[in-house]
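Visitor: Those protein sequences? They're chains A and B, same order as listed.
With the working numbering as the guide, the letters of the first sequence map in order to residues 276 to 351.
With the working numbering as the guide, the letters of the second sequence map in order to residues 17 to 1085.
Beta carbons are placed, not taken as given, at the ideal position from N, Cα and C, and that holds for glycine.
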Amino acid sequence: MKRDNLFLREAWRLFFFLGIILINFPFVQIFDKPVLIGGIPLLLLYFLIGWPLSILVILIFSRYHADDHNHDKEKG
Amino acid sequence: MLSAPLVITLTLLYVGLLFVIALYAQKRQRDNKSIVNNSTVYTLSLAVFLTSWTYYGSVGRAATSGLDFLPIYLGPTLVAFCWWFTVRKLVRICKANKIVSIADFISSRYGKSVSLGALVTLFTLIGITPYIALQLKAVSRTFDIITTANISGVHILSQHYEALPAFIDTAFVFSVVLGLFAILFGARTLDSSESHDGMVATIAFESIVKLLALLLVGVYVTYFLFDGFSDVFTQATRQFPHITQTFLLGKTGSTSYATWFSLTFISMAAVMFLPRQFHMLVIENNNEEHIRAAMWKFPAYMFLITLFATPIAMAGLLLNQGDTTAADFFVLQIPLLNGHKWLALIVYIGGFSAAAGMIIVESMTMATMLLNHLFVPILLRFNRNNERNFSGLLINLKRMGILLVLGLGYLYHRTMANTTSLVDIGLISFVAVTQFVPAMIGGLYWKRANHFGVTIGLLLGFSIWTYTLLVPAFASAGLLPDSIVVDGPFQIGLLRPLELFGLTGLDVWSHALFWSFFFNFGSFLTISLLTQSSTEENEQAHRFVDVFAPAHRPAQLTRMVKAPTIMEFVELIGKFIGKKQAESAIADYLGNQEIEASGKLSDEHLPALKNFTELTLAGSVGAAPAKIIVENYLATRGSRMEDVFNVFGSVTLSRTSSREQLAVLYDVARQVGSGTSLKSTLDEILNLISHQFRIDLCVIWLYEESADDLQIRAKIPLGEEFDHEVAGLLHDPLLKETFIQGNYHVINDLSSALPSHRPLVKVGIKALLHVPIIAEGDTIGVLSAYSTSAKGLFTEEFIELLTSVANQIGIAWRNSCLTEEMIAVKEQEKELEIAKHIQHDLLPDKAPDVEGIELHGLCVPTNQIGGDYYDYLHRDRERIDLVIADVSGHSIGAALLIAETRAFIRAKSESLQGPAQIIRAVNAFILTDLDRAEMFITLFYASYDAINQTLRYASAGHNHPMIWRAASGRCDHLDVNGLILGVKEDVIYEEKETEMASGDLLILFTDGLTEAENHTGDFFGEDRLEELLREYHFLPTEQIIDRIMEQARLFTGTRSFRDDVTIVLMKTL
Chain A
276 MKRDNLFLRE
286 AWRLFFFLGI
296 ILINFPFVQI
306 FDKPVLIGGI
316 PLLLLYFLIG
326 WPLSILVILI
336 FSRYHADDHN
346 HDKEKG
Chain B
17 MLSAPLVITL
27 TLLYVGLLFV
37 IALYAQKRQR
47 DNKSIVNNST
57 VYTLSLAVFL
67 TSWTYYGSVG
77 RAATSGLDFL
87 PIYLGPTLVA
97 FCWWFTVRKL
107 VRICKANKIV
117 SIADFISSRY
127 GKSVSLGALV
137 TLFTLIGITP
147 YIALQLKAVS
157 RTFDIITTAN
167 ISGVHILSQH
177 YEALPAFIDT
187 AFVFSVVLGL
197 FAILFGARTL
207 DSSESHDGMV
217 ATIAFESIVK
227 LLALLLVGVY
237 VTYFLFDGFS
247 DVFTQATRQF
257 PHITQTFLLG
267 KTGSTSYATW
277 FSLTFISMAA
287 VMFLPRQFHM
297 LVIENNNEEH
307 IRAAMWKFPA
317 YMFLITLFAT
327 PIAMAGLLLN
337 QGDTTAADFF
347 VLQIPLLNGH
357 KWLALIVYIG
367 GFSAAAGMII
377 VESMTMATML
387 LNHLFVPILL
397 RFNRNNERNF
407 SGLLINLKRM
417 GILLVLGLGY
427 LYHRTMANTT
437 SLVDIGLISF
447 VAVTQFVPAM
457 IGGLYWKRAN
467 HFGVTIGLLL
477 GFSIWTYTLL
487 VPAFASAGLL
497 PDSIVVDGPF
507 QIGLLRPLEL
517 FGLTGLDVWS
527 HALFWSFFFN
537 FGSFLTISLL
547 TQSSTEENEQ
557 AHRFVDVFAP
567 AHRPAQLTRM
577 VKAPTIMEFV
587 ELIGKFIGKK
597 QAESAIADYL
607 GNQEIEASGK
617 LSDEHLPALK
627 NFTELTLAGS
637 VGAAPAKIIV
647 ENYLATRGSR
657 MEDVFNVFGS
667 VTLSRTSSRE
677 QLAVLYDVAR
687 QVGSGTSLKS
697 TLDEILNLIS
707 HQFRIDLCVI
717 WLYEESADDL
727 QIRAKIPLGE
737 EFDHEVAGLL
747 HDPLLKETFI
757 QGNYHVINDL
767 SSALPSHRPL
777 VKVGIKALLH
787 VPIIAEGDTI
797 GVLSAYSTSA
807 KGLFTEEFIE
817 LLTSVANQIG
827 IAWRNSCLTE
837 EMIAVKEQEK
847 ELEIAKHIQH
857 DLLPDKAPDV
867 EGIELHGLCV
877 PTNQIGGDYY
887 DYLHRDRERI
897 DLVIADVSGH
907 SIGAALLIAE
917 TRAFIRAKSE
927 SLQGPAQIIR
937 AVNAFILTDL
947 DRAEMFITLF
957 YASYDAINQT
967 LRYASAGHNH
977 PMIWRAASGR
987 CDHLDVNGLI
997 LGVKEDVIYE
1007 EKETEMASGD
1017 LLILFTDGLT
1027 EAENHTGDFF
1037 GEDRLEELLR
1047 EYHFLPTEQI
1057 IDRIMEQARL
1067 FTGTRSFRDD
1077 VTIVLMKTL
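Right, dumping it as structure tokens:
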């Protein structure tokens, strides 16, 4: 239980740093092109899809973490 | 176009609705059925982050520079992923310490510093003013647009029409209305740490309104005016091909990567540390579990509210033929242009909600900060003794604070807001708040972070912020000459506010952020590393950084001297938060704690009550002022906290102590516990030290009261040949200093010491160490170690060891004092026991055999030594004399005087005739002694003739004996006059005679019997005695006395006799 918990705690940090990488230079350069997909600029589309996806991941993780947390109050 | 009265009416109705919601939430809060205590309302209240800046500005930004509005929401999304650690920690700390604002947090964390609290408050006030101005601008401008716009004209925004008559300023009216609202729901009570359900519910409702309004207009534009996202973008890019560029970053796009990153970073800081965000996120959090839900709900809200920003922007561009002059208000303009005035009205209400929510929370939190960190410290400075009742004044000051904040915002709006776009104004505030990041993150995770570092960091950060952002803004508004920005002050190019130190190529935000953060964070780190924090600050650092860790640090044992009573604490709190609140707070706190009759708490609970008082006050006036208030109060009363003497605390063992040190300490402790004499204990301790560490000379000096100086109590080496040398050491000034100051002194090389140490050098001493010997908090002597062979002998470890040894000596000394005292007490008790036996032996052991009478006597002393005496003097078979006497006091002196009296009477009664003569002679004999001892004696002397059955008697002030007459069944009092012994030299005593018949009872007694008291203070009295004589007259005298004593004891109940009780009872047969 403790190890799982530790993993989860590290996971939040991972998401945070991953998020910073995903929305910044140079990663964002992959989508930073004058291309329209269905008329919508690629970069805008990237954010319009990537943003809700990341929120979904947090939603799933926070639920999972909540179940775990009920068994083992973590120390932060 | 909508008419102004209609819009005003609807706005007021909406404000009325907000009031109703707030009132309802407050009612539910009072009924303990809070409607705000759930994660959705919590999330919605966090959406106060999204102000009219988002509402109108995002579209404006999307129309002019493409995607750069997005980082403002992406940053908070990312930072929300960390809330489970950061915000939960903040919440835990703030609840535990009753922290009510970000200024309070920083001030508390860094040693409850008043100056830091004031600094943060001032900076926040300056930083936040443009943001307030922005909201006022948005609300008043949209009001003007909606009421004056000409639907047929496309360029309705290019010119600003005033809807209201010129003498009424729309922004001013809004400031007043929103200010009143904030006062009503945010400044109802003083305690800012309690949750404001009314306000939270209002904000949450407003968040729903602004989201729905924006979604509504978004759906309308995207799916009714156009055919979805694709269509609006396709049309826009076809008509304005350059738009594709604005949706790119980097060199080709309109936003550089640096700008992108800067905006992400500052919005991360803003969502946590803007005063209103901190308040909603941390202070209004009722349940830590809500944070977890908010981690995805809040980003989801932000996603939804910004979802249609780009399509609306594109639509606005298309409708305005590419004109972006008033792109900030496209959201409102599009429905108006298309004739949907009701939709426009909804948009306007949504925008009003966004602005109003922000203004209410921001002004309230700012007012709390102003009150706690500026107003209260100033008040306390002028009123040190807390004499006045502040509760009314404080709440009004808080209300004034709200109006002040709004007033400043209005002023900024009047002078500056027309020159800058919404987003630009908002970003100025965001960069200001970013300056708190080092202090906050350092405060949460880095114990070394201290208030010097924070203060300097903040001062530098805010100076750079002012210089790089505020100065250019002022210049563009014409308040400062343009040349400062263009050429730099005094034509110094390196100091150009927008290209500081020659740093070019960055946008204004990245430039300001880089320099302000560089100086702020840099000095924060460097100074924190280079300086030491105070003990109190260290304690706070532990409390904050380790808030989740179990409290393993031992609580410091303190006690309060001259502690105030509970009521006095209540009075103190009442002065600041009102009497009723103070009483209920204390009642809740005390619960079932034991309270002494005097209204004081027991010693161990007092420090906790003091802390509680401080915390309660902190909820209303902030931590730093609360500390000052309580300390001032205790100081004026003469109360203070002091450490409890801890026997176990005297031995300080660190992990670094060597085996030798531990061994010495162990041996010393064993020696102290062995119970041998002090002298041999001290000798043995010195022996141990010198043996283990090869110290040439060791001396224990103890203070002797008789000599009023330190005296040698033990020394090593022992030989007398050293005595002379050692005596000379007494004149070492450091020795006295150690004793007086109670601190150790060490000189590891005497050759370079002061001239006053030369005598020491002369006798060959090269290094010395004095450690104070402390017992129960008082210095009682000094333990000195001298080296004649080596310099630099006394290391820190050795000093630590010797300090522990000195403490052990203190304990040994205390033990020995206690033992001496105990021996003295024992000896005294033994003496008293002997005296008691002697005195007892002086009383007649049995009644003499005289014909025709039965006789018995009893003496019950209250103490070991009594002050009463009785005696029988047997003349012959027909005659007996009876004496009873009572001397004042129960001391040994009294006993001796009794013995003297007895001896005199026994010796002289034969030769003297009659009771009066005898008493007169006794008085003459004992007068001098009584006079000297300042005592006196009452005495009754009776002489009984068994043949004639006559009783002759005389009295020296003794209480009157009684004869119970068998014939009448009544008592006669033998009242005869006579002065007590020991007053005058020659006294003539009266003598009387009475006859006794068979069955009569003569009772002599001392006042210990008749003046025995019961619990109501009534005396046993002569009537009761007479009654008892009548009742038991037929019994033998011994049994009658037993019954009398039994009844007297019953009468006194649980009380013991206050005086000796003596009874002599004679029955004629």
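(1) Count the C-beta pairs between the segment 459 to 472 of chain B and the segment 535 to 550 of chain B that are closer than 8 Å, then say yes if the count reaches three, no if not.
(2) For the 8 Å Cβ check, are there 3 or more pairs between the segment 338 to 354 of chain B and the segment 231 to 248 of chain B?
(3) Run through the segment 219 to 262 of chain B for me and flag every whole alpha helix (DSSP H) of 4 or more residues, listed as ranges in chain order.
(4) For the beta strand (DSSP E) containing Q727(B), name the first residue and the last one.
(5) Compare the Cα-Cα distances from I1060(B) to each of I1019(B), S223(B), L62(B), T1032(B) and report the closest residue.
(6) Using the rule of at least 16 other Cβ atoms within 10 Å of the residue's Cβ for burial, across every protein chain shown, is V130(B) buried or exposed?
(7) Could you tell me which chain A residues have their CB closer than 9 Å to the CB of G266(B), listed as they occur along the chain?
(8) Which first and last residues belong to the alpha helix (DSSP H) in which I1097(B) is found?
(9) Would you kindly report the start and end of the unbroken alpha helix (DSSP H) that includes C833(B)?
(10) Is the number of C-beta pairs between the segment 522 to 541 of chain B and the segment 475 to 495 of chain B that are closer than 8 Å three or more?
(11) May I ask you to report which of helix, strand or coil DSSP gives S1014(B)?
(12) What does DSSP give as the partner residue(s) for M978(B) in the beta ladder?
(13) Whole angstroms is fine: what's the gap from L746(B)'s alpha carbon to Q757(B)'s?
(14) Where does L420(B) sit, in a helix, a strand or coil, going by DSSP?
(15) Rounded to whole angstroms, what is the Cα-Cα separation between A331(B) and I305(A)?
(16) Spell out whether any CB of chain A is found under 8 Å from the CB atom of L333(B).
(17) Quick test of the definition: if touching needs 3 or more C-beta pairs under 8 Å, does the segment 899 to 907 of chain B touch the segment 1021 to 1028 of chain B?
(18) Would the beta-carbon of W717(B) fall within 8 Å of that of L751(B)?
(19) Please report the Cβ distance between I219(B) and S55(B), rounded to the nearest whole angstrom; I am assuming they are in contact, meaning their Cβ atoms lie under 8 Å.
(20) If you measure from the beta carbon of I330(A) to each beta carbon in chain B, is any gap under 8 Å?
(21) Going by beta carbon distance, what residues of the same chain come within less than 7 Å of R308(B), once the five residues before and after it are set aside?
(22) Looking at the C-beta of W287(A), does it have a partner C-beta in chain B at a distance below 8 Å?
(23) Please name the residue or residues paired with M1082(B) in a DSSP beta bridge.
(24) Quick check: does the Cβ of M978(B) come within less than 7 Å of any heavy atom belonging to the ligand NAP?
(25) Please list, in chain order, all residues of the same chain as I295(A) whose beta carbon is under 7 Å from its beta carbon, the five residues on each side excluded.
(26) In angstroms, rounded to a whole number, what distance separates the CA positions of I921(B) and I914(B)?
(27) Does the CB of I296(A) have a neighbour CB from chain B at under 8 Å?
(28) Using DSSP with H/G/I as helix, E/B as strand and the rest coil, what is V75(B)?
(29) Name the residue from N302(B), L818(B), P641(B) whose alpha carbon lies nearest to the alpha carbon of F709(B).
(30) Exposed or buried, L443(B), counting other C-beta atoms within 10 Å across all chains shown (16 or more means buried)?
(31) Name the chain A residues whose beta carbon is nearer than 8 Å to that of A309(B)?
(32) Would you kindly check if the distance between the Cβ of F592(B) and the Cβ of V637(B) is under 8 Å?
(33) Pull up the CB-CB distance for A217(B) and I411(B), whole angstroms please, since I reckon it's below 8 Å.
(34) Sorted by chain position, which residues of the same chain lie with C-beta nearer than 8 Å to I376(B)'s C-beta, five sequence neighbours on each side aside?
(35) Short check: CB of S803(B) to CB of I711(B), under 8 Å?
Guide: Taking the coordinates as given:
(1) They touch, by the three-pair rule.
(2) Contact check between the segment 338 to 354 of chain B and the segment 231 to 248 of chain B: three or more CB pairs, one atom from each, fall below 8 Å, which counts as touching.
(3) 244 to 255, 259 to 262
(4) Q727(B) -> beta strand (DSSP E) spans 725 to 732.
(5) I1019(B)
(6) buried
(7) F300, V303, Q304, D307
(8) Here chain B has residues from 17 to 1085 only, and residue 1097(B) is not among them.
(9) 812 to 858
(10) Because the criterion of three Cβ pairs below 8 Å is met, the segment 522 to 541 of chain B and the segment 475 to 495 of chain B touch.
(11) Reduced to three states, the DSSP call for S1014(B) is coil.
(12) According to DSSP, M978(B) bridges with H989(B), I1019(B).
(13) 16 Å
(14) Helix, per DSSP.
(15) 28 Å
(16) No, its Cβ sits nowhere closer than 8 Å to a Cβ of chain A.
(17) Segments in contact, yes.
(18) yes
(19) Actually they do not touch by this definition, with Cβ atoms about 15 Å apart.
(20) yes
(21) W100.
(22) yes
(23) DSSP lists L871(B), L1018(B) as partners of M1082(B).
(24) The ligand NAP is not among the ligands present in this structure, which contains no ligands whatsoever.
(25) The same chain holds no residue with a CB closer than 7 Å to that of I295(A) once the five nearest residues on each side in sequence are set aside.
(26) Just so you know, the alpha carbons of I921(B) and I914(B) end up roughly 11 Å apart.
(27) no
(28) Correct three-state label for V75(B): helix.
(29) L818(B)
(30) Counting other Cβ atoms within 10 Å of its Cβ, L443(B) reaches 16 or more and is therefore classed as buried.
(31) S337
(32) yes
(33) Not quite, the Cβ-Cβ distance comes to about 22 Å (not below 8 Å), so this is no contact.
(34) Answer for I376(B): L194, F197, A198, F201, G202, M215, T218, I219, listed in chain order.
(35) yes
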